[in-house]
Structures are given as structure tokens and as C-alpha cells.
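**Q** Can you read through this structure? Questions will come right after.
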Amino acid sequence: MLFKSVLLSGAILAFSATEVWAHAAINPALGVKGTAVRNDVQRPSANKPCGNTALTAIDSSTAVKADASGSFTVNVENFNGGKDGSRSVTMQVDAAGTGAKFANGQVTVNGDAAPATTGTQKVTASLPAGTKCSGGASRDLCLASFKTAGGFGNCVVVQQGAGGGAAAGGAAAGGAAAGGAAAGGAAAAGGAAGNAASANNGAANGNAKANGGANAKANGNANAKATGGANKGQKANANAKNNRAVAGTRLARYVVVDDE
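All letters in the sequence shown, in the order written, are residues -22 to -1, 1 to 238 by mature numbering (1 follows the signal peptide of the UniProt record, and there is no 0).
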């Protein structure tokens, strides 16, 4: 009877141990060569987001590459079905790769919450906006901590491409260039408006000059004509006066002759 109890207790412990380490792993896993197996599964926590795996393995582990937008894909493999073997995950990222400070990332394509069978499923996630990976000897590695709905998981090394860190800066530079173009356009428009105003002023001055010349000529002609007319009138008056004087002289002569 005692022997049977010992065997039963051993079987229960073995089953429990299998259940604890037999749920799901995210590949490529930190500190694991090749594909993770049952015993590589961790229990990520707030104090240990990567479980018991040594964080110094960041440089020797296989890294998954993120594209320019920060998106990357991992493989989630479950070792039993149901919620305990869930392939649905959440993700946090430590940009420095030291495991000291994690920020929430986004899972854009998730796995099954309670798969009926075992298997592997691709999951897509994104680094938090503005993340600049700076971990590892290459200074471009992040640590991503994945945790399944069943509470299991591990960390994955993520390598950020050269375009990732520069994406925001490029957008800002593009915005600055657009602003410069807008400012240049405004300046050109202002210059055109100024030139148009100058042209209008010049045309107005030219018209004024032309009008002034025309008026001066017209006034001159009118004055000259009037003056000429006046002179002719004065000459006519003088001639008339002279004629009267001559006529008076002749009459005087006649009078003298008659008296004799």
C-alpha cells in the first residue's frame, strides 16, 4: 500500500512538472540555440520579464529583425492545448537591452487564445513608437518580453534596422523642407506682388507724364492762340486810330483852304 502511494505521488509530481514547463515558447528565444523546447519555457513576471534566462545572452542569441516601421514576426509554439497552451501574447520592449526598463509594445497579429491542439503560429508585433534600440555590442538590439494568456513565455532579441531610427528624423526633415518650400513660395509671391505694384506705379507715372505733356502742349497752343488774337486786336485798334488821325488832318487842311 505504501509503495502504491509513493508511485502515485511521483506520477502526480511528474505530471505537475510537465504542466509547468509544457505550455508555449516564443522563437527565437533569448539564450536558446535553435528552437525552444519544453524546458526552455519561462514564466515572465514584473520583476523578471525574461524569466530566469541570463540577459547577457543578448549578443549570442538569434535576433529577429524589425523593419523600418518597427514591425517584426516571431513563432509561438505551444506544447499542449487549451488556455494553458495559449498562443495569444502580450509584448513589452526594453530598448537598452539590459532588462531594466520595459515599455508596452503592440501585437498587431496575435495567436489563438485557447488552441485545441499543439502547433506553431506566427505572431506579428511592433516596437513602441520612437523606440531606438541600443543594446548589445552592436548597439542596435532590443529585448522583447512575450507572455502568453496562460502566463508563460520568454524574451526575444530584436535587431533594429538602420532605417528605423532615422524614420522619424527623415519625416521631420521632410516637414522642414516642405516648410522651406512654402516660405519660398510666399517670398516669390510677395516679390511678384511687389514687381506688379512697381509696374503699376511706373505706368501711372508714365501716364501722368504723358497727360502732363499733352496738357502743357494744349495749354501752350491755347495761350499762344489767345495771345496772337489779342495782338491782332491791338494792331487793328492802332490802325483804326491812325486812320482817324489822318482823316482829321485832311479835314483841317480843307478848313484852312476854305477860309482863304
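All C-beta atoms, glycine included, are put in the ideal place defined by N, C-alpha and C.
Count the other C-beta atoms from every protein chain shown that fall within 10 angstroms of the C-beta of S38, then say buried if there are 16 or more, exposed otherwise.
**A** Counting Cβ neighbours within 10 Å, S38 comes out exposed, since fewer than 16 surround it.
**Q** Ignore the nearest five residues each way along the sequence and tell me which others in A7's own chain have a CB closer than 7 angstroms to its CB.
**A** Once the five neighbours on either side are set aside, the close Cβ partners of A7 are A14, D18, N132, V134.
**Q** Compute the beta-carbon to beta-carbon distance between G63 and H1, rounded to the nearest angstrom, for a pair I have assumed lies under 8 angstroms.
**A** Right, their Cβ atoms sit about 5 angstroms apart.
**Q** Spell out the partners DSSP gives I4 in its beta bridges.
**A** Answer is V54.
**Q** Could you tell me which uninterrupted alpha helix (DSSP H) segments, each at least 4 residues in length, are contained entirely in the stretch 59 to 131, listed from first to last along the chain?
**A** Qualifying alpha helix (DSSP H) stretches: none in this window.
**Q** For R117 and T40, I'd like the C-alpha separation in whole angstroms.
**A** R117 and T40: Cα-Cα distance of roughly 15 angstroms.
**Q** Quick one: grab the DSSP three-state call for A46.
**A** The answer is coil: DSSP assigns A46 none of H, G, I, E or B.
**Q** Consult DSSP for A35 and reduce its assignment to one of helix, strand or coil.
**A** It is helical.
**Q** For S66, which option in T34, G77, N56 has the closest C-alpha, if you only look at C-alpha atoms?
**A** Checking every option, the nearest Cα to that of S66 belongs to N56.
**Q** Report yes if the C-beta distance between G128 and K61 is below 7 angstroms; otherwise report no.
**A** A contact, by the Cβ cut-off of 7 angstroms.
**Q** Check the C-beta distance from S47 over to T102 and give it rounded, since I have them as a contact under 8 angstroms.
**A** Going by Cβ atoms, the distance from S47 to T102 rounds to 11 angstroms, so no, they are not a contact pair.
**Q** Determine the direct distance from the alpha carbon of A32 to that of A122, and round the result to whole angstroms.
**A** Their Cα atoms are separated by approximately 14 angstroms.
**Q** In three-state DSSP terms, what is A140?
**A** It is helical.
**Q** Do G113 and I36 count as a contact pair if the criterion is CB distance below 7 angstroms?
**A** Closer than 7 angstroms, so yes.
**Q** Tell me which same chain residues have a C-beta within less than 7 angstroms of the C-beta of K79, skipping the five on either side of it?
**A** Excluding residues within five positions, the ones whose Cβ falls inside 7 angstroms are D72.
**Q** Tell me whether S23 counts as near the ligand SAM, meaning its Cβ is closer than 6 angstroms to at least one heavy atom of that ligand.
**A** Questions concerning the ligand SAM fall outside what the structure shown contains, since it holds no ligand whatsoever.
**Q** Write down the C-beta distance between T74 and P106 rounded to the nearest angstrom, noting that I regard them as a contact closer than 8 angstroms.
**A** Strictly speaking, residue 74 in this sequence is Ala, with Thr absent from that position. The pair is not a contact, with the Cβ atoms about 13 angstroms apart (cut-off 8 angstroms).
**Q** Measuring alpha carbon to alpha carbon, tell me which residue in T98, G77, S23, P27 is nearest N5.
**A** When only C-alpha atoms are compared, the closest one is T98.
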